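First comes the structure, then the notes that go with it.
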Amino acid sequence: MMRWGEWGRMILPVIFMVMSVAFSQETLAQFSGSPDRYVGDIAAILEGDWDDNPSINRLQSAPKRSVEEKVLDFGNDGKWHWIELRGLMSLFGTQYLEVATSQIDSISFLSTCDGKIKDGPWHLNGLTSRGGSDVNQHPLAEGHYPRFPLGGAEHCDEDVIYMGVKSGKKISLPLRVASLEKLREWSFRRDVFFSFYAGIMLVMLLYNLVLYFTVEDRSYLLYVLFLIGVALSQLFLAGYQGVLPGWDGTSWLGIRSVHLVGIFSGVTTILFVNRFLDLARKGPRYYRVFLLLMSFYSVALLFLFIGKLNWAFQTINFVAMAAVLVVPASIHVWKQGQRSALYLLIAFSFFLMTVVMFAASQFSGSPFPFVPQRVTNFAMPVGSIVEVVLLSLALADRINQFKRESAKAREEQLRVSQLNEKITKEQNEDLERNVRQRTEELEERNDRLRATLEELKMAQDQLVQSEKLASIGQLTAGIAHELNNPINFVSSSAQSLRRDFDDVTEILRALVSIESDDDQLHEQVRSLQDRMKQLDMAFTMKEIDELLTGIDDGTSRTSEIVKGLRIFSRMDGDAFVEANLNDLLGSTLVILRSSLKDEVELAVDLASNVPTLSCQPGKLNQVFMNLITNAAQATGKTDLPPEERVVRIRTRVLQQNDQSSIQVAIEDNGIGMSDSVQSQIFDPFFTTKEVGEGTGLGLSIVKGILDDHHASLEVQSAPNQGSTFLITFPL
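The structure is reproduced here in C-alpha cells:
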C-alpha cells in the first residue's frame with residue numbers, strides 16, 4: 001500500500017491547483033482596483049407581514065428600516081421579506097444587479113420609475129444552478145443566480161427597485177453589481193472550481209472505496225459515506241443539485257435537498273468519527289453524546305416531511321454546531337496514544353475555521369482584510385477538500401501504524417526468541433559442566449518424563465478408544481432400531497399366520513375324518529361347509545397370502561440391513577482392498593437412518609459412474625459416519641424445524657488436468673463456523689461441544705484416515721451459512 005507521505009505528495013499539488021483556480025485571479029482582481037461591489041448597505045428593509053405579490057402602493061407606503069451591512073441577513077423564519085433599493089439604476093445604469101446565493105426558494109422583483117411600475121413584477125421559484133423555474137425568458141432566469149439589468153432609468157427622476165425573498169433555509173442576501181460579462185466570467189470560474197472540486201472528491205471516493213474492498217476495514221466504508229455527504233453538502237449548498245433530474249428547486253425533493261443532504265452528512269460524520277476514534281472504548285462519554293445528537297436528525301426528518309422546512313434547517317444547524325466536539329474528542333483520544341487522531345483534529349479544525357470564515361462573510365460581507373467576498377464563498381469547499389485529504393492520510397497512517405505495531409511485535413518476538421535461545425545455551429553449558437554430579441537426578445527426571453508420556457499416551461489411547469466406542473454405540477443403536485422394525489413385523493405376522501393355520505388345520509382334519517361310504521356324508525359335508533363359512537376361509541386364505549408376502553419383505557429388509565452391516569463393519573486392518581464409495585455411504589446411511597430420520601432430512605445424490613477404489617472400507621465408514629453425524633448436529637443447533645434441516649450427501653467423478661478423482665461432498669444448512677474455528681477443527685481435543693458431549697478427537701481421526709488414503713479435505717463454511725466438507729480421492 002502507498003505510504004501516506006507519497007500519497008500526500010500526489011494529492012497536495014492538485015489541492016494547490018484548485019485553490020489557485022479559486023483564489024488567485026480573484027485576489028488579483030481585489031488588488032487591481034476591481035473589488036466586489038456589494039450594495040446591501042444602500043438597501044432599506046420594508047417592515048410588515050408580506051406575501052409574494054404585494055401592491056405597489058403598500059410597498060411605497062411601508063415603514064422602512066435602513067441597514068449598514070453589505071450582506072443582508074433575514075434569519076430563518078420562513079417568511080417573505082421585502083427590501084427597497086433607491087437610485088441603483090441611475091447609479092449603475094449599464095450593469096446588472098445579481099442576488100449571489102442559491103439558498104433562496106422564491107424571489108419576486110419589480111422596478112419603478114417616478115413612482116410607477118417600470119418592469120415586473122417578476123417571480124422566480126427554484127433558484128438552484130441550472131434548475132427549473134415557473135417562468136421563461138426573463139432576466140431573473142439567466143445564469144446561476146437571479147440577475148436584473150439596471151439600464152433604462154435615464155429619464156427617471158427617481159428609480160426604485162423592490163425585491164422580495166423567501167426560503168426554507170437561512171436567508172443571507174448578498175446583492176452585488178457588475179457588468180454582464182463580469183458576472184458570466186465569475187459564473188464560469190465558479191463552474192470550473194466546482195468541477196475540479198467534484199473531480200477531486202470523486203477520485204478520493206474511488207480510491208478509498210478500492211481500499212475498503214482491499215483491506216475490508218469498515219472505517220473505509222464509513223469514510224466513503226462521510227465523503228459523499230461532505231461533497232454533496234458543498235455542491236448542494238452551491239446550488240448544483242439542479243443538475244440531477246427531479247432535484248431542481250421547483251420539485252419536492254429539490255426544495256428539501258439541502259436539508260436531506262445535511263442530515264446524511266451529519267449522520268455519516270458521527271458514525272465515521274465514532275469508528276475512527278473508537279470512542280465506544282476510548283471516549284464513551286463523547287460516544288454517548290454523539291449518539292444523542294444523531295437522534296435529533298430524526299426530529300429534523302419529521303419536520304421536513306410535515307413541511308416545516310425552517311424548523312428542520314434550525315435542527316440540522318443545531319446538531320451541526322456540535323461538530324466542534326470532534327476537536328476535544330480527538331485531543332482526548334490523541335492523548336491516549338492514537339496518533340491518527342491528530343490528523344482528525346487538524347482536519348476538523350481547518351474545516352471549522354473555513355466554516356467560521358464563510359459564516360462570518362454571510363453576516364458581514366467580507367470581514368477579513370484583503371480577502372474578497374468571492375474568496376470566502378469558496379472557503380468551505382476548499383476546507384472540505386483539505387479535510388478529506390487529511391482524513392485519507394489519517395486512514396493511511398492508521399494502516400501504517402498497524403504495520404509498524406505488527407513489525408514491532410515481530411521484533412519483540414524475535415528478541416524474546418533470541419533471549420530464550422541464549423538462556424537455553426547457557427543452561428546447556430551449565431548442565432554439561434555438572435553432568436556427572438547430576439546424572440542420577442537427570443535419569444530420575446527422564447524416568448518421570450517417560451512415565452508421564454506413557455500416561456499421556458494411555459490417556460490418548462483411551463480417548464481414541466472412547467471415540468470408537470461412541471461410534472460402536474451409535475452403530476449398535478442404529479442396528480437394533482433398524483432390525484427391530486422388520487423382526488417385529490415378521491413376529492406379528494407369524495402369530496397371525498399361526499392362528500390362520502389353526503383354522504385351516506381344523507378344516508383339513510374334519511375333511512380327513514369324512515368317509516366316502518358314510519350314510520351321513522351329505523350332513524357331514526354340509527356341516528363342514530357351514531364351519532368354513534363360519535371361519536371365513538376365503539378371507540383366511542387371502543390373509544395367509546398377505547402375511548407370507550409381508551414376512552418375505554421383512555426378511556428381505558433384514559437381509560439388506562445385514563448386508564449393509566457386513567459392508568460397514570468390514571474389518572480389513574491396514575490392508576487396502578477394492579470397494580465402492582457409494583456402497584460404503586449406503587451402508588453408513590442404513591446405520592444412521594433410524595437415529596436421524598426425526599432430526600434431519602437426508603438428501604442423497606450418488607453418481608452412477610463411481611468406480612471402485614483401493615481403500616480401507618471400515619475406516620472410511622468411520623469417516624462418513626463422523627462427518628454426517630456432525631452435519632446433523634450442526635443443523636440441530638439452528639432454529640429451523642426438523643423438516644427444513646437438510647444434510648446433502650453426493651458423489652461425483654472429477655476430471656482435471658488428465659487426473660481422475662472421486663469427490664464426496666457432505667453439506668448441511670447448520671450454524672456454520674467462523675474462520676478461527678475452522679483453523680482448529682482438526683486439532684486433537686479441540687471441540688465446540690459442551691463438556692461431556694465430545695472428546696474433540698473425531699475430526700482429528702478423520703483427518704488421519706484421509707491422509708492415509710492420500711485424500712484431500714476442504715472445508716467451506718461461514719457463520720449461519722452452513723458447512724460443506726469436500727473429500728477428494730485420487731484414482
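Numbering (my numbering), first residue to last: 1 to 731. All C-beta atoms in this analysis are idealised placements derived from N, C-alpha and C, irrespective of residue type, glycine included. A quick note: this is a predicted structure, and the numbers were derived from the prediction, not measured.
Ranking Y212, K70, H710 by CA distance to the CA of L175 puts K70 first. In the structure shown, G283 adopts coil according to DSSP, grouped into three states. Burial state of Q95 is buried, judged by a 10 Å Cβ sphere holding 16 or more other Cβ atoms. Under the 10 Å beta carbon count, T505 is surrounded by fewer than 16 other beta carbons and is classified as exposed.
Note on W50: 16 or more other CB atoms within 10 angstroms of its CB, so buried under the neighbour-count rule.
In this structure, V715 sits away from Q663, with a CB-CB distance that is not shorter than 8 Å. Contact between the stretch 165-182 and the stretch 94-112 is established, with three or more Cβ pairs separated by less than 8 Å.
Going by beta carbons, A631 and D675 fall outside the 8 Å limit. Following the DSSP letters along the chain, one finds R190 inside the alpha helix (DSSP H) bounded by residues 180-215.
Between T588 and N621, the beta carbon gap of about 5 Å places them in contact (Cβ cut-off 8 Å).
Counting along the chain, F725 sits inside no alpha helix (DSSP H); it lies in the beta strand (DSSP E) bounded by residues 723-730.
Closest in alpha carbon position to D105, among I117, P121, G120, W80, is W80. A distance below 7 Å between beta-carbons, with the five flanking residues on each side excluded, links E546 to no residue of its chain. The DSSP assignment places 88-91 as complete runs of the alpha helix (DSSP H) inside the stretch 61-118, in order along the chain (cut-off: 4 residues). Residue state for H155 is assigned as coil, using DSSP reduced to three classes. V267 is the residue among V267, S330, G40, I727 whose C-alpha sits nearest the C-alpha of S298. Inclusion of F148 and F109 in the CB contact set at 8 Å is warranted, their separation being smaller than that value. Linking M163 to L72 through their CA atoms gives a straight-line distance of about 12 Å. Separation of the CB atoms of L222 and R275 is rounded to 5 Å, and the pair is thereby assigned contact status at 8 Å. Pairing G48 with L342, the inter-Cα distance amounts to about 51 Å. Shown here, L713 sits in a strand according to DSSP, grouped into three states.
Contact check between the stretch 406-426 and the stretch 223-234: fewer than three CB pairs, one atom from each, fall below 8 Å, which does not count as touching.
The residues V230, A347, F348, F350, F351, in chain order, have a CB closer than 8 Å to that of E387 in the same chain once the five nearest residues on each side in sequence are set aside. T424 sits exposed, since fewer than 16 C-beta atoms from the chains shown fall within 10 Å of its C-beta.
The C-alpha of M294 is placed about 60 Å away from the C-alpha of I591. Of the residues S66, V203, M89, the one whose Cα lies closest to the Cα of W82 is S66. Secondary structure of S513 (DSSP, three-state): coil. In the DSSP secondary-structure assignment, L124 is bridged to I107. Here the stretch 203-221 lies against the stretch 390-404, with 3 or more beta-carbon pairs under 8 Å apart. Residue state for G48 is assigned as strand, using DSSP reduced to three classes.
By the criterion of a C-beta distance shorter than 6 Å, S330 is surrounded in its chain by A341, L344, L345, once the five residues flanking it on both sides are discounted. In this structure, DSSP gives K166 an extended state, which the three-state scheme calls strand. Excluding the 5 residues flanking it on each side, Q338 has same chain C-beta neighbours closer than 8 Å at L277, D278, K282, in chain order. A direct Cα-Cα distance of roughly 12 Å separates K116 from S55. Taking every protein chain shown into account, the CB of S384 has 16 or more other CB atoms within 10 angstroms, so this residue is buried. Going by beta carbons, G672 and Q721 fall inside the 8 Å limit.
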